[in-house]
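One structure below.
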Amino acid sequence: MLSSVLLAISCLPISTTEKYLLAKENPSLHRIEKMRGYSRNRVMRMLSFLAHGNNKVCFYGMKEYPRSFFDLENPPFRLMYNKSLPKQGQQLLTISGTRHPYHQGSLAAYAFSLEAVANDVTLVCSNSQGIDRCVLSACHNCNAEAFVLCDCGLATRRIQKNALVSSMNMISAFEPADEALPFHCLSRNVLSASLSQATLIMQAPSHSGALHVASMALDQGKDVFVHASANKDTERYEGSRCLVNMGATVVDDFADLATQLDWPCRKTGVRVL
Numbered sequence: 003m004l005s006s007v008l009l010a011i012s013c014l015p016i017s018t019t020e021k022y023l024l025a026k027e028n029p030s031l032h033r034i035e036k037m038r039g040y041s042r043n044r045v046m047r048m049l050s051f052l053a054h055g056n057n058k059v060c061f062y063g064m065k066e067y068p069r070s071f072f073d074l075e076n077p078p079f080r081l082m083y084n085k086s087l088p089k090q091g092q093q094l095l096t097i098s099g100t101r102h103p104y105h106q107g108s109l110a111a112y113a114f115s116l117e118a119v120a121n122d123v124t125l126v127c128s129n130s131q132g133i134d135r136c137v138l139s140a141c142h143n144c145n146a147e148a149f150v151l152c153d154c155g156l157a158t159r160r161i162q163k164n165a166l167v168s169s170m171n172m173i174s175a176f177e178p179a180d181e182a183l184p185f186h187c188l189s190r191n192v193l194s195a196s197l198s199q200a201t202l203i204m205q206a207p208s209h210s211g212a213l214h215v216a217s218m219a220l221d222q223g224k225d226v227f228v229h230a231s232a233n234k235d236t237e238r239y240e241g242s243r244c245l246v247n248m249g250a251t252v253v254d255d256f257a258d259l260a261t262q263l264d265w266p267c268r269k270t271g272v273r274v275l
């Protein structure tokens, strides 16, 4: 019954703070049903989703809720996920880049990711193709976990038919059947930047969503780095190059980034087969 009430509250058209305060009153479901915006069908669909597989839900204020999200202006009240959420003290790094990288950009993202996971860093990315997919491939090949912030619901075909993405720790602020929409990507980017201590930008053209991730990270006071392979003065690298011109630190490899963040680095030069 508690989950039903909290799911019902999550559907209401009010801010997360208002939802949280309402939840603290321990209202009955009958009371929520009388409020504007309540949808029994939406609640039932979410309950059905949670009844299958490893699907889980976490609400704002719970101990499992990512602490970094508390600093957001209007964090999601409800998070759907499949395996686990980040633990306190876990070293997290967001990697982002173009959906259409050159081979060199893909290889650089893959190689860097191998080094990062070899040094016990957990990577964060999106469910998009391109650079993000290279990051997940490296994690998969190392049997390492990664956190994937999704721009749609976890019950959509976009997620269910993607074996690589669905094998990772998926997190979604959307209802299970919500399809991807342009503004979903923007809100997803906010969470991607917030979850980690820092963000690394790989190859990114001028209109890449990776620049929005970088912007959100900077707005939250996070460090933003640009990989050396993305520091080129050509059109397909215009976005990442612009970040360098604005003052972003360029890093050659994980050891370089670890020095900047004062993170341990025990393994370097991971071989890419």
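In this note's numbering, the protein residues as written are 3 to 275. No residue lacks a Cβ here, since even glycine has one placed at the ideal position from N, Cα and C. All values derive from a computational prediction rather than experimental measurement.
For PHE227, the uninterrupted beta strand (DSSP E) run begins and ends at 225 to 229, by DSSP.
Relative to the Cα of LYS58, the nearest Cα in the group ARG47, GLU75, MET82, SER5 belongs to MET82. Going by beta carbons, ALA111 and ILE133 fall inside the 7 Å limit. With three or more CB-CB distances shorter than 8 Å, the segment 240 to 247 counts as touching the segment 199 to 212. Note that the C-beta distance between SER128 and ARG101 is not below 7 Å. Using a Cβ distance threshold of 7 Å, LEU23 and ILE11 do not count as a contacting pair.
Restricting attention to LEU74, ASN43, SER30, the CA atom closest to the CA of THR19 is found in LEU74. Between PRO78 and ALA175, the CB-CB gap stays under 7 Å.
DSSP places MET172 in the strand class (E or B) of the three-state scheme. Counting along the chain, VAL123 sits inside no beta strand (DSSP E), nor does DSSP assign it H or E at all.
In the DSSP assignment, ALA200 falls within the beta strand (DSSP E) that extends over 200 to 203. Counting every other CB atom within 10 Å of its CB across the protein chains shown gives ARG268 a total below 16, marking it as exposed. When C-beta atoms of the segment 245 to 252 are compared with those of the segment 225 to 237, three or more pairs fall below 8 Å, so the two segments count as touching. Looking at the DSSP output, SER115 bridges to nothing. Following the DSSP letters along the chain, one finds TYR22 inside the alpha helix (DSSP H) bounded by residues 18 to 26. The C-beta of PHE72 has fewer than 16 other C-beta atoms within 10 Å across all chains shown, which makes the residue exposed. The C-beta distance from MET172 to VAL150 rounds to 5 Å, short enough to fall under 8 Å. Ranked by Cα distance from LEU116, the first of ALA165, ALA140, SER217 is ALA140. When secondary structure is reduced to three states using DSSP, ARG42 falls in the helix class. In this structure, THR96 places its C-beta atom within 7 Å of the C-beta atom of SER194. Straight-line spacing of the CA atoms in LEU125 and ASN76 works out to 24 Å. Cβ-Cβ distances below 7 Å link VAL7 to PRO29, LEU31, ILE34 in the same chain, with the five nearest sequence neighbours on each side left out; the list follows chain order. A Cβ-Cβ separation of about 4 Å places ASP153 in contact with HIS186 under the 8 Å criterion. In the three-state reduction of the DSSP assignment, LEU81 falls in the strand class, which pools E and B. Ranking THR251, LEU9, LYS85 by CA distance to the CA of ALA230 puts THR251 first. Sorting GLU147, LYS21, SER5, PHE51 by C-alpha distance to the C-alpha of GLN93 places GLU147 at the top. Nearest in C-alpha terms to ARG160, of all of CYS144, LEU183, HIS142, TRP265, is LEU183. With respect to THR201, ALA179 sits apart: the two C-beta atoms are not nearer than 7 Å.
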